Every structure is written in C-alpha cells, then in structure tokens.
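A quick write-up on the structure given underneath.
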Amino acid sequence: MPFATDHPSLTRFAWLSISAAVVTMGLKLVAYRLTGSVGLLSDAIESLVNLVGGIMALAMLTVAARPADEDHPYGHSKAEYFSSGVEGSLILLAAVSIGYAAVGRLLAPKSLEQVGLGLAVSVLASLVNLVVALLLLRVGRRRNSITLEANAQHLLTDVWTSVGVVGGVAAVALTGWQRLDPIVALGVAANIIWTGVGIVRRSTAGLMDSALSAEDRAAVERVLQTHQKSGAQFHKLQTRQAGASKFVSVHVLVPGGWTVDRGHALAGHMASDVRQALPEASVTTHLEPLAAASSAAPQLAQPERSDG
Numbered sequence: 000m001p002f003a004t005d006h007p008s009l010t011r012f013a014w015l016s017i018s019a020a021v022v023t024m025g026l027k028l029v030a031y032r033l034t035g036s037v038g039l040l041s042d043a044i045e046s047l048v049n050l051v052g053g054i055m056a057l058a059m060l061t062v063a064a065r066p067a068d069e070d071h072p073y074g075h076s077k078a079e080y081f082s083s084g085v086e087g088s089l090i091l092l093a094a095v096s097i098g099y100a101a102v103g104r105l106l107a108p109k110s111l112e113q114v115g116l117g118l119a120v121s122v123l124a125s126l127v128n129l130v131v132a133l134l135l136l137r138v139g140r141r142r143n144s145i146t147l148e149a150n151a152q153h154l155l156t157d158v159w160t161s162v163g164v165v166g167g168v169a170a171v172a173l174t175g176w177q178r179l180d181p182i183v184a185l186g187v188a189a190n191i192i193w194t195g196v197g198i199v200r201r202s203t204a205g206l207m208d209s210a211l212s213a214e215d216r217a218a219v220e221r222v223l224q225t226h227q228k229s230g231a232q233f234h235k236l237q238t239r240q241a242g243a244s245k246f247v248s249v250h251v252l253v254p255g256g257w258t259v260d261r262g263h264a265l266a267g268h269m270a271s272d273v274r275q276a277l278p279e280a281s282v283t284t285h286l287e288p289l290a291a292a293s294s295a296a297p298q299l300a301q302p303e304r305s306d307g
C-alpha cells in the first residue's frame, strides 16, 4: 500500500541563485577590470560556474517537481543528484581554469591598479553571495534538497574564496609583492577543488539509494512500536532516500485469526503515523500472517543495505 507526498516547487530558489550569480559575476568582473588582479579574475570565474550551476539546478528541480507517472512511479526526485553532480564537476573545471591563469601571472607578475575601489566592489558581491547562500542552505536542509544544498555550499565557498582574494589583493597593495596575487589564486583553486570533490561524492552516494539517516529510521521504529500493542509485529523494515523523497517499506505480521479488513486498517493507520513522523515519506506495507514468519523471529530492526 504505497503513499506519496507532494512537494512545493523549489524552483524559485534556483531563480534566486541565478539572479545572485549574474549580479556577483558582473560586480567581480568590474573589480577585475579595475585592478587587473588575477585573484579577482579567479573569483569572477567561480561566479560564472555559479551561474551555470544555478541554471542546471533550475532545470533539475523542475524535473524533480514532476509528479509520479506510469514510467516513473516513484517520482523524479533523483534528478537532483544529476544537478549537484554537474555542479561539482563544473567547480573542478573552474579550479583548473583558475590555476592556469594563476601560473601564467606567477611567471609574469603584473602591478595592480585602483585596488581600493576594486576591493569595495568585490566585498559588495561577497555580501550578496553570503545572504543568498545562507537562505538556500536553510531551505535545502529543511526540504532535503541536495540541489539547493550543493548550490548553497558552492556560494559559501565563493564567499570564503572572496575573503581570501580580498585579503591577498590588499596585502599586495600594502607590500608591493606582486606574486602574492597569483599565489592567492592558486589557494582559491585548491579550496574549490575540495568543495567540488565533496559535492560529486555526495551525488554519487545519492544515486546508490542510501538508507535513511539513523534519526529518521529511529522515528519510524518508534511509530511501529506503538502499534505492537494491538498484537501485530513487524519485520523487514527497509528505507531509502532519493533526493527530497523518502521511502519506507515494512512487512506487517498479524494474527491468523484477523480479518483482511482489520489487518488493512492497521496497516493504513501505521502508514499514516509514519507519514506524520516523516512528512516526506512514501510508505509501503505488506501484510503477512504471524505463522508465515514463525521460522524466523520477527524483528523491528533488520540489517539494512543500500541498493545500487
């Protein structure tokens, strides 16, 4: 008996990310043109990746929001993992581009111009990114959206990148050591490689149908335990996460003398209670007589594996 839940569209947050990327990329390009800093150029390149990632997130969130259909009975929520995987890959590509530009400037240093104005513009861009990133991160965690979380983490990485770049450019202006600018850019590249690898790894784990968190599973088990007072037992509890969707499957063991109606009613109440504990969950129950499981003691918590 499957039950599904509907999720309000998250695409408006993707549009917010795209808008922020356009604004910050424009500001950072202005800062680069004012100063000629390769560090600020690296910052602008990362914002370009933010823009592409935001567009990808919009496309995949649109797909993920589609209701289940005949060809996709469990919905389209896994589309989110493609978005975060692409964004992680784009981050790695941006790191290579930044590294290439930084090495060239390291070999041929160049003096910076209009540093004060350029840094002011860059700080403004960072503040835009910070506000949007914190909002996306909060919504992504609350709604279990890996796409929004990946986008938010990328924007936060961009903020810290900008902090490092601004500090490096300011240090160049104070010390006159021109090679510090490309060195900072190389540090930026290393930092975003770390972020990109983490996002790609998480996307891969999601595509492998990972089980629900220990906290969510414990919530399900507490619900099942409350229904054992009726004389029913439960086993073969299995869970999985797919984007923002959660899936719970359990076998309900009832006494042989129960009618089908009574067993069906119990399973319905149990599934409803699970959905109250996990509003994002789709619950599937399977009725069995207790005698059918007599050869193996029914257990609430069976070893769980991830299907890949």
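Numbered by numbering that gives the first Met the number 0, the letters in the sequence shown go through residues 0 to 307 in order. From the three backbone atoms N, C-alpha and C, an ideal C-beta is built for every residue, glycine too. Keep in mind it's a predicted model, so treat the numbers as computed, not measured.
Inset, instruction - For T23, name the three-state secondary structure that DSSP assigns. - result: helix
Legend entry - P288 - DSSP class collapsed to helix/strand/coil: strand
Inset, instruction - Tell me where the alpha helix (DSSP H) around L252 begins and ends. - result: First-last for L252: S244 to V253, but that is the beta strand (DSSP E), not the alpha helix (DSSP H).
Legend entry - Whole-angstrom distance between L129 and D5, CA atom to CA atom: Summary for D5: the model assigns pLDDT 36, below 50, so the residue's position carries little reliability; its value from the coordinates is reported in the next sentence. If I take the Cα positions, the gap works out to 30 Å.
Legend entry - Cα-Cα separation between I17 and V247, rounded to whole angstroms: 35 Å
Inset, instruction - In the DSSP assignment, find the unbroken alpha helix (DSSP H) run with N49 in it and report its ends. - result: V37 to A63
Inset, instruction - Determine the contact status of G52 and N190, defining contact as a CB-CB distance below 9 Å. - result: no
Inset, instruction - Have a look at E214, A188 and P72 and flag the residue whose alpha-carbon is nearest the alpha-carbon of W159. - result: A188
Legend entry - Opposing strand residues paired with R32 [DSSP bridges]: Note: R32 sits in no beta bridge, so no partner.
Legend entry - Range of the contiguous alpha helix (DSSP H) that encloses Q275: V259 to A276
Legend entry - Which residues DSSP lists as bridging Q240, in chain order: K245
Legend entry - Cα-Cα separation between Q240 and A210, rounded to whole angstroms: 6 Å
Inset, instruction - Identify whether Q232 lies in helix, strand or coil by the three-state DSSP scheme. - result: strand
Legend entry - L9, enclosing alpha helix (DSSP H) - first and last residue: No alpha helix (DSSP H) holds L9; DSSP gives it neither H nor E.
Legend entry - Bridge partners - A189, DSSP secondary structure assignment: A189 is not bridged to any residue.
Inset, instruction - Pick out whichever of L106, T146 and S125 has its Cα sitting closest to the Cα of V22. - result: S125
Inset, instruction - Reducing DSSP to helix, strand and coil, say where P302 ends up. - result: Here the model assigns P302 a pLDDT of 41, short of 50, so the residue's position is not dependable, and the following value carries that caveat. Reduced to three states, the DSSP call for P302 is coil.
Inset, instruction - Between the Cα of Q224 and those of M269, D180 and V183, spot the shortest distance and give me the residue it belongs to. - result: M269
Inset, instruction - Could you spell out the range, first to last residue, of the alpha helix (DSSP H) harbouring H153? - result: I145 to T174
Legend entry - Euclidean distance between Cα positions of A280 and L147: 19 Å
Inset, instruction - Determine, using beta-carbon pairs with one atom in the stretch 41-50 and one in the stretch 83-95, whether at least three such pairs fall under 8 Å. - result: yes
Legend entry - For M59 and V120, the rounded distance between their alpha carbons: 32 Å
Inset, instruction - Report the three-state DSSP secondary structure of S294 (helix, strand or coil). - result: In this predicted model, S294 has a pLDDT of only 46, less than 50, meaning its place in the structure is not dependable; the value taken from the coordinates is given anyway. Correct three-state label for S294: coil.
Legend entry - Terminal residues of the alpha helix (DSSP H) in which E112 lies: That residue, E112, is in no alpha helix (DSSP H); it is neither H nor E in DSSP.
Legend entry - Contact belief for P181 with L105 at Cβ below 8 Å, rounded distance in angstroms: 4 Å
Inset, instruction - Give a yes or no on whether the C-beta atoms belonging to V273 and G84 are separated by under 9 Å. - result: no
Inset, instruction - State the Cα-Cα distance for the pair T34 and L116, rounded to the nearest angstrom. - result: 8 Å
Legend entry - CA-to-CA distance, L57 to V114, given in whole angstroms: 36 Å
Inset, instruction - Report buried or exposed for T156, applying the criterion of at least 16 other Cβ atoms within 10 angstroms of its Cβ. - result: buried
Inset, instruction - Report yes if the C-beta distance between A290 and V131 is below 9 Å; otherwise report no. - result: no
Inset, instruction - Return the bridge partner residues of V282 from the DSSP annotation. - result: V247
Inset, instruction - Output the distance between the C-alpha atoms of M55 and L277, rounded to the nearest integer angstrom. - result: 28 Å
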